[in-house]
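Novice: Let me give you the structure first, and then I'll get to my questions.
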Amino acid sequence: MRWFRANRLSSVAVAMIFCFGLSSCGGSGSSGGGGNPTPTITSVSVSCSPSSVQVNQASKCSSTVTGTGSFSSSVTWSVNQGTIDQNGNYTAPANATTATVTATSTQDSTKSGTASVTVTPATIGLSSLAFAPNSVVSGNGSTGTVTAVGPAPTGGVVISLSSGNSAVVSVPSSVTIPVGSTSATFSVSSGSAGTATGVTITASSATPVSSVLTVNPAATVNWSGGPDPSIPITGQCFSGDFNGDGKTDLACYTSSAGVWSVALSTGSEWQLESWSGGPGPALPVTDQCMTGDFNGDGKTDLACYTGNTGSWNIALSTGSGWQSEFWNGGPLLVDEWNVVPVSGQCFAADFNGDGKTDLACSDGTDSVWSVALSTGSGWNTTSWSGGPVVPLPMTQQCVSGDFNGDGKADLNCWTGEGGGWAVALSTGSGWQSSIWSGGPVPVDEWSVVPVPGQCFAADFNGDKKTDLACSNGVNGTWNVSLSTGSGWNSGSWSGGPVVPLPMTQQCVSGDFNGDGKEDLNCWTGEGGGWAAALSTGSGWQSSIWSGGPVPVDEWNIVPVPGQCFTGDLNGDGITDLACYSGAGGVWSVALSSGNGW
């Protein structure tokens with residue numbers, strides 16, 4: 128009887144012959160002489176351990192060759208995905224797949240065996256999943272970002288994604304975090320939703336994470352339960368971030384005795400609260416009060432002139448109420464606030480760059496300005512000479528902004544002479560004044576149409592310096608003067624909104640696509656249509672954004688800013704619109720997607 132077994136990776140299979148009687152072992156090996164039979168390989172089998180590995184990991188494969196007769200056989204290894212050496216050491220590729228490992232007998236190439244190795248994605252713990260914007264309207268998209276607890280290993284990490292409601296949003300099936308990176312982004316597209324819908328999206332890896340994306344049914348949605356002011360809303364309301372969460376809120380004086388209706392934005396609705404103990408100004412509130420961050424804590428506060436010498440009622444926001452104080456020794460207004468509003472005598476801005484809002488007030492007769500620097504708990508008031516000389520209200524001729532980009536607020540006043548602007552740059556303790564020539568020339572006398580009715584002061588090229596964009600009120604060509612920090616770089620930008628003067632009847636400014644450059648958005652006067660002029664830094668990119676809020680009163684009776692507030696209502700870094708419907712605390716809110724409502 129003869130038998131054999133060939134085993135072990137790439138080793139020589141040994142045929143073992145046991146002889147019973149000498150005659151069985153003699154001869155020349157021929158079949159007729161009782162010698163060894165002709166060797167025959169019958170099969171090759173393969174096994175790999177482990178049979179499932181992550182990308183770039185290794186597996187060990189072995190073979191077993193079986194047959195009859197006296198033979199010696201090793202194997203040759205091959206694989207269709209990844210690499211394998213001639214000792215059966217398999218290394219997986221950098222992508223998830225199913226690899227087929229093959230061992231072929233070197234003695235008989237017709238005999239081979241195979242085994243499968245499953246290559247799975249690398250795993251890594253996830254720490255967060257976020258969306259920007261986190262509240263979209265149907266038909267618009269969002270960008271998701273998944274963040275890992277550490278850098279992705281060699282080969283990267285494939286994260287699987289799933290949506291709790293695929294009828295509302297569409298996400299890719301997976302996203303790859305590249306090698307060495309800790310995050311990856313992906314696009315989310317929204318379908319139609321009958322009502323505002325929160326869709327839970329989950330990212331799965333070693334540690335799954337999930338987040339909720341809100342999909343609203345239309346470009347403009349109604350946020351009910353908000354303040355109920357009379358129109359114009361600027362007579363009773365201020366906008367600002369009153370709880371410091373990065374989303375624009377409203378604070379409206381609709382009651383009495385210092386009780387304010389504060390509507391905190393959650394990003395998808397109002398959270399209405401009553402904050403008592405605040406200032407009790409006469410209406411309109413803008414006659415006596417200004418907003419700013421007077422203690423530098425990141426929350427919007429109020430500063431209201433009491434009518435008493437140098438005394439200001441400061442309402443510091445705690446995020447859930449007012450901390451009301453009287454700061455004495457502030458600027459003394461030369462005209463009664465009910466004759467010339469506070470905002471016509473003072474600018475509220477950070478004039479020394481310490482992160483706290485200050486006041487700079489003019490007496491309307493000379494170049495000496497009363498500047499009250501906030502200490503966070505009171506005023507440090509001094510006289511700054513050499514400033515612009517303008518009659519009251521100074522807003523007829525002047526705008527404020529950071530015109531040299533040093534982090535301190537400055538003043539810029541139209542001189543009334545062709546292209547000349549009196550610029551007062553703040554040093555933090557005084558004015559550094561000069562005339563910047565070659566600037567925009569308002570087409571109407573400033574005493575007829577104030578400068579802010581013809582020009583917007585904002586950063587139109589994203590270099591952190593305030594610029595000017597002025598309309599002639601006739602066509603779509605705007606005179607834009609970009610600040611160099613010491614003068615103007617002026618040019619004509621065509622294709623902008625066509626609006627009559629004062630343009631503030633129909634237009635608002637803001638960063639409507641989140642690129643760091645200020646844009647314009649003007650009500651067209653036709654249902655839901657807004658003429659958006661996005662700044663490229665050197666011109667306008669204009670289009671009509673439909674489906675926006677419809678002001679309830681004619682713009683030439685109640686200006687758009689008297690019905691609508693601009694701000695980042697959902698905290699995605701893009702300017703949105705909230706317009707009051709005129710009754711019942713219902714506000715029409717249009718969240719910008721960057722290219723529409």
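Going by my numbering, the first residue of the sequence shown is number 128, and it counts up by one from there.
The C-beta atom is built at its ideal place from N, Cα and C for all residues, glycine as well.
Note that this is a predicted model, so its numbers are computed, not measured.
1) Where do the ends of the beta strand (DSSP E) carrying Y380 lie?
2) Unbroken beta strand (DSSP E) runs of length 3 or more, entirely within the region 469–536: which are they?
3) Does the separation of the CB atoms of S621 and T604 fall below 7 Å?
4) Whole beta strand (DSSP E) runs in the region 180–243 with 3 or more residues, listed along the chain?
5) Do you know how far the Cα of P629 is from the Cα of L718?
6) Looking at the structure shown, is V412 part of a helix, part of a strand, or coil, going by DSSP?
7) Give the straight-line distance between the Cα atoms of W464 and A536, rounded to the nearest whole angstrom.
8) Hey, would you say T329 sits closer than 7 Å to S289, going by beta carbons?
9) With Q450 as the anchor, note down where its beta strand (DSSP E) starts and where it stops.
10) In whole angstroms, give me the CA-to-CA distance for A710 and D355.
11) V578 by DSSP, collapsed to three states: which one?
12) Return yes when the Cβ of W714 is within less than 7 Å of the Cβ of W350, no when it is not.
13) If G69 sits next to V568, beta carbons under 8 Å apart, how far is it from one beta carbon to the other, in whole angstroms?
14) For A311 versus V273, is the C-beta distance shorter than 7 Å?
15) Can you tell me where the beta strand (DSSP E) holding N697 begins and where it ends?
16) For Q559, does the count of other Cβ atoms within 10 angstroms reach 16, so buried, or fall short, so exposed?
17) With burial defined as no fewer than 16 other Cβ atoms inside 10 Å of the residue's Cβ, what is the status of Q213: buried or exposed?
18) Does the region 572–589 come within contact of the region 514–531, defined as at least 3 CB pairs closer than 8 Å?
19) Taking DSSP as the reference, what is the three-state secondary structure of V284?
20) Can you tell me where the beta strand (DSSP E) with W563 in it begins and where it stops?
21) What is the DSSP secondary structure of I168, counted as helix, strand or coil?
22) Quick one: residues in its chain with C-beta nearer than 7 Å to the C-beta of G712, no 5 flanking neighbours on either side, listed in chain order?
23) Please classify V461: does DSSP put it in a helix, a strand, or coil?
24) Compare the beta carbon distance of V202 and A226 with 7 Å and say whether it is the shorter of the two.
25) Which of helix, strand or coil does DSSP assign to V687?
26) At the level of alpha carbons, what is the spacing between G675 and G528?
27) Select from P411, V461, D428 and V412 the residue whose C-alpha is nearest the C-alpha of N435.
28) Report yes if the CB atom of C706 is closer than 7 Å to the CB atom of P678, and no otherwise.
29) Quick one: is L256 buried, meaning 16 or more other Cβ sit within 10 Å of its Cβ, or exposed?
30) By Cβ distance, which residues of its chain are closer than 7 Å to S470, with the 5 residues on each side in sequence left out?
31) Which residue wins for smallest C-alpha separation from E400, given the options N370, P406, D424 and F421?
32) State yes or no: is the C-beta of C540 within less than 7 Å of the C-beta of P515?
33) Of the residues V180, T169, Q184 and V296, which one's Cα is nearest the Cα of T237?
34) Could you have a look at T433 and say whether DSSP puts it in helix, strand or coil?
35) Can you check which of these residues, W449, C473 and G419, is closest to K483 by C-alpha distance?
36) For G689 and T361, I'd like the C-alpha separation in whole angstroms.
Specialist: Taking the coordinates as given:
1) Counting along the chain, Y380 falls outside any beta strand (DSSP E), and DSSP gives it neither H nor E.
2) Counting only runs of 3 or more residues that sit fully inside the region 469–536, the beta strand (DSSP E) segments are 473–476, 485–489, 496–501, 506–511 and 525–528, in chain order.
3) Inclusion of S621 and T604 in the CB contact set at 7 Å is warranted, their separation being smaller than that value.
4) Those beta strand (DSSP E) runs which fall completely within the region 180–243 and span 3+ residues are 185–195, 202–206, 216–218 and 224–232.
5) Cα-Cα distance, rounded: 26 Å.
6) DSSP places V412 in helix when its eight states are reduced to three.
7) Each residue's Cα considered, the two are about 24 Å apart.
8) Closer than 7 Å, so yes.
9) That run of the beta strand (DSSP E) goes W449 to W454.
10) Straight-line spacing of the CA atoms in A710 and D355 works out to 6 Å.
11) V578 carries a helical assignment under DSSP once its states are collapsed to helix, strand and coil.
12) In this structure, W350 places its C-beta atom within 7 Å of the C-beta atom of W714.
13) No statement about residue 69 is possible, as the shown extent of the chain runs from 128 to 724 and does not include it.
14) Yes, Cβ-Cβ distance for A311 and V273 is below 7 Å.
15) Note, N697: premise wrong, no beta strand (DSSP E); not H, not E.
16) Exposed is the call here.
17) Counting Cβ neighbours within 10 Å, Q213 comes out exposed, since fewer than 16 surround it.
18) Yes, they touch.
19) In the structure shown, V284 sits in a strand (DSSP, three-state: E or B).
20) Its beta strand (DSSP E) spans residues W558 to W563.
21) Residue state, collapsed to three classes: strand.
22) Non-local beta-carbon contacts of G712 in its own chain, meaning distances under 7 Å to residues more than five positions away in sequence, involve S351, G352, G353, P354 and D355 in chain order.
23) Coil at V461, not helix or strand.
24) Against a cut-off of 7 Å, the Cβ pair of A226 and V202 comes out as no contact.
25) Of the three classes helix, strand and coil, the one that applies to V687 here is helix, per DSSP.
26) Answer to the nearest angstrom: the Cα atoms are 29 Å apart.
27) Measuring C-alpha to C-alpha distances from N435 to each of P411, V461, D428 and V412 identifies V461 as the nearest.
28) Yes, the pair counts as a contact, with Cβ atoms nearer than the cut-off.
29) L256 is classed as buried because its beta carbon has at least 16 other beta carbons within 10 Å across all chains shown.
30) Within the same chain, S470 has close Cβ partners T413, M417 and T522.
31) It is N370 whose Cα lies nearest to the Cα of E400.
32) When the beta-carbon positions are compared, C540 and P515 come within less than 7 Å of each other.
33) T237 has its Cα closest to that of T169, out of V180, T169, Q184 and V296.
34) T433: coil per DSSP, three-state reduction.
35) Ranking W449, C473 and G419 by Cα distance to K483 puts G419 first.
36) So the alpha carbons of these two residues sit roughly 6 Å apart.
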